[in-house]
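**Student:** The working numbering applies: residue 4 is where the sequence shown begins, and numbers increase by one.
Provided herewith is a single structure, encoded as structure tokens, for subsequent inquiry.
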Amino acid sequence: MALYNDTVMENFLHPKNVGELENPDGTGVYGSPVCGDMMQIQIKVDNDIITDAKFKTFGCGSAIASSSMATSMIIGKTVEEALELTNKQIINELGGLPPVKIHCSVLADKAIKNAIYDYAMKNGKKYAALEGYDPEADEDEDEHGEAEE
Ligand code: FES
């Protein structure tokens, strides 16, 4: 079956950063308006660097692969750098996802932003990328390609 490439399969079958952190500095939850699946991402932040991240999801294999990749991508980055992460970068790093699965990568992207938003709120931090940010907003209405059956 060639629907999913080896990188996607590897991240789905052996996902990194699954679970919960003991004392997270930020927790973000996001429910997809496209499929109804949920994602939780937690982060640890030290000196403005993301030192750890973990995810839990009700999502599909593509959501698991995306979150495994996305959490790996943000660990070691500054909060500002992590805020720049887009679902397109996650997909590129995975080597591509089928068009009907693009929205699954949005779960990881949005849950990370929501976790950073939570961290920023709790610590009185301000980041330019979060100005006017609404963690409840559904931004991925047009991100999922063709209508799904
Ligand atoms: S996360 Fe819901 S279908 Fe992939």
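Glycine residues also receive a C-beta, built at the ideal position from the N, C-alpha and C atoms.
May I ask you to check if the CB of Asp112 is nearer than 7 Å to at least one heavy atom of the ligand FES?
**Tutor:** no
**Student:** Just to confirm, is the Cβ distance from Gly34 to Ile46 under 8 Å?
**Tutor:** No, these two residues do not count as a Cβ contact at 8 Å.
**Student:** Cβ of Pro138 within 8 Å of Cβ of Tyr120?
**Tutor:** yes
**Student:** Please work out which residues of its chain come closer than 8 Å, Cβ to Cβ, to Ile53, disregarding the five sequence neighbours upstream and downstream, and give them in chain order.
**Tutor:** Ile46, Lys47, Ile77, Ile78, Gly79, Lys80, Thr81, Val82 and Ala85
**Student:** Which of the three DSSP states is assigned to Gly99 in this structure?
**Tutor:** coil
**Student:** Taking 7 Å as the line, does the beta carbon of Gly31 fall inside it for any heavy atom of the ligand FES?
**Tutor:** no
**Student:** Asn117 to Leu6, Cα distance in whole Å?
**Tutor:** 30 Å
**Student:** Let me know the beta strand (DSSP E) ranges lying completely inside the region 56-125, each 3 residues or longer, listed in chain order.
**Tutor:** none
**Student:** Keeping to the same chain, check which residues put their C-beta closer than 6 Å to that of Gly22; ignore five residues upstream and five downstream.
**Tutor:** Lys57
**Student:** I'd like the span of the beta strand (DSSP E) that includes Val37, first residue to last.
**Tutor:** Premise fails: Val37 is in no beta strand (DSSP E) and is neither H nor E.
**Student:** Here's the rule: buried if 16 or more other CB atoms are within 10 angstroms of the residue's CB, otherwise exposed. What is Met72?
**Tutor:** buried
**Student:** Taking C-alpha atoms, which residue in Thr74, Asp49 and Lys91 lies nearest to Ile115?
**Tutor:** With distances taken between Cα atoms, Ile115 lies closest to Thr74.
**Student:** In angstroms, rounded to a whole number, what distance separates the CA positions of Glu134 and Met124?
**Tutor:** 12 Å
**Student:** Any idea what DSSP makes of Asp9, helix, strand or coil?
**Tutor:** Collapsing the DSSP output to three states places Asp9 in a helix.
**Student:** Relative to the C-alpha of Val32, which candidate in Asn8, Asp9, Phe15 and Phe61 has its C-alpha closest?
**Tutor:** Phe61
**Student:** With hydrogens ignored, establish whether the beta-carbon of Ala68 is closer than 7 Å to any heavy atom of the ligand FES.
**Tutor:** no
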